[in-house]
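In my numbering, the protein residues as written are 370 to 954.
And the structure:
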């Protein structure tokens, strides 16, 4: 299957190159060529193929990403097609202690472990590409995958224009360079870390992952960001992890130092709506805060009870509401949300939802939001939607068919005047009346690793602090995401309430392991457990390892299974005073 996908991607890239080559005349491409610097040592022609003999070997990294593999393959294919000669292709693997031979004639594609590849990148901005001769190597390199694709497109254009049967040469002073992703060029270079990946983390954002760094280098990089003209909007330290948000006239940067694995993650996106600052959070208390877990277990016909889904609602002291997810796209799910608000709002004719948080794009979580807004948007005011959805490009790269439903969430924002859509990032805080929301995990903490066909790893995880108590909301968090969260925050996860991850269902693909989830439950040590599942499925689910582990924790005092109930807890809540049935240990 993997070989088939690789072949398919190769053919797609080849088609893209062919279209680009046909649409863009060679004169336009080569206009980006400039003279090589005077320091270039060897200026003899690059006879890639001469008199029917391939003089150069194509080399790419042993652990190259798909873009680099495809780029090297496309280069080989076009050389063979235009000259009738197929060069050898290999990787940069070398025995420990040995060095690459500088005299060997090679074409280095992408960021190999050759010193010549690194030399070509020196001073190159993150959105740029370059084709140049370094010693006896023809280097084709870029930081970003799209920029590397552009470089290969330009070289293929040259091959199509200039190659003949049995021959293809380039001038020894070749230097083709330019910017493919100009938004990345506003970033300063991170001098002392390894750029491990550039990945499309959102539909309008890019994630840059730097490894092998430390907090001092992180602080130095923040200074470089400010020197680039960015202003600090806000910052937040969570244990030894550090997060900062920077803005300029065009862009927003979310920068995070992950202490547990010495990584820095930078997300760049167009400047957009930001969480409000604490100093801007003004409100008047009109009611006591409360939380409701709304059950979603309804007869769907033919004696089938819908079992999962999630809906939680906080009422703030100023009378507004915060909703997490909502449930399925059924009228009954949407109507119970409105009914709860009408029953509790200080003014039934002026219902205000301060924030609607969608943890991830699965229908049993975002569906009720879409249904609610189709039916009831004219009856309420919605101030903001808080999300972080995996990009379409990321879904395609991971062969992920799930998650496309996010578009409905974004479309329904238009039903409300002045409704803000906020792309949440790790470390951000939202100050809304007497509630403080802190984002602990988004998919940006996991990428660029493969989801392995387990979409729940994209789920938001966050805390809500209100009335002196903390709720830890996990959505459908996977074992992988919970392992990251546990490693990052440790005892900081201590909470008064915890929502069971993925309704108690399977939390991973690999051997159904749940060690990461169990670790998170242990660190949270929450006396009150919120279980968004129906009674019917709970009976079988409570026997799963992660469920039994949670039930057996000494800290667990009450378990509220959603079922078809509407469980409302006044805040601050004292264990044992709810008046609702609790499934105890």
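Ideal Cβ positions, reconstructed from N, Cα and C, are used throughout, including at glycine.
Taking the CA atoms as reference points, residue 681 sits about 14 Å from residue 804.
When 715, 642, 602 are compared, the shortest CA-CA separation from residue 653 is found for 715. A residue is called buried when at least 16 other Cβ atoms come within 10 angstroms of its Cβ; residue 540 does not meet this threshold and is exposed. For the set 683, 480, 636, the Cα lying nearest the Cα of residue 657 is the one of 683. For secondary structure counted as the alpha helix (DSSP H) over 4 or more consecutive residues, the segment 795 to 883 holds these complete runs in sequence order: 848 to 858.
For the pair residue 800 and residue 905, the Cα-to-Cα distance works out to about 38 Å. Checking the DSSP bridge columns, you'll see residue 662 partnered with 681, 936.
Straight across, the Cα-Cα distance linking residue 534 with residue 502 is about 24 Å. In the structure shown, the three-state DSSP call for residue 533 is strand. Per DSSP, reduced to three states, the secondary structure at residue 577 is strand. Here residue 463 is exposed: its Cβ has fewer than 16 other Cβ atoms, across all protein chains shown, within 10 Å. Secondary structure at residue 593: helix, using DSSP grouped into helix, strand and coil. Checking the DSSP bridge columns, you'll see residue 483 has no partner listed. For residue 929, the closest C-alpha among the options 945, 599, 630, 449 is that of 945. Annotated three-state conformation of residue 634 is strand, per DSSP. Going by DSSP, residue 497 is part of the beta strand (DSSP E) stretching over 497 to 503. Between residue 575 and residue 760, the alpha-carbon positions lie close to 10 Å from each other. The beta-bridge partner set that DSSP reports for residue 563 consists of 580.
Under the three-state reduction of DSSP, residue 514 is assigned to helix. Of all alpha-carbon atoms in 605, 660, 413, the one lying nearest the alpha-carbon of residue 941 is that of 660.
Per DSSP, the continuous beta strand (DSSP E) segment holding residue 790 begins and ends at 789 to 792. Counting other Cβ atoms within 10 Å of its Cβ, residue 466 stays below 16 and is therefore classed as exposed. Check the Cα spacing between residue 916 and each of 720, 888, 640: the tightest is with 888.
Note on geometry: alpha-carbon atoms of residue 598 and residue 939 lie some 47 Å from one another.
For residue 528, the secondary structure class from DSSP, reduced to helix, strand or coil, is helix. If you ignore the 5 residues before and after residue 893, its C-beta comes within less than 6 Å of the C-beta of 841, 862, 864, 867, all in its own chain and listed in chain order. Of the other Cβ atoms in all chains shown, fewer than 16 fall within 10 Å of the Cβ of residue 422; this residue is therefore exposed. Distance from the CA atom of residue 834 to the CA atom of residue 807, rounded to whole angstroms, is 8 Å. Counting along the chain, residue 604 sits inside no alpha helix (DSSP H); it lies in the beta strand (DSSP E) bounded by residues 600 to 607.
If the five residues before and after residue 578 are omitted, its C-beta is found closer than 6 Å to the C-beta atoms of 565, 566, 634, all from its own chain and listed in chain order.
Contact between residue 456 and residue 427 holds: their C-beta atoms lie close to 5 Å from each other, under 8 Å. Residue burial is scored here from C-beta neighbours: residue 749 has at least 16 other C-beta atoms within 10 angstroms and is therefore classed as buried.
For residue 692, the enclosing beta strand (DSSP E) starts and ends at 690 to 694.
When the beta-carbon positions are compared, residue 695 and residue 735 come within less than 9 Å of each other. In the same chain as residue 711, and ignoring 5 residues on each side of it, the C-beta atoms closer than 8 Å to its own belong to 717, 720, in chain order. About 7 Å separates the CB atoms of residue 826 and residue 812; that is less than 8 Å, so the two are in contact.
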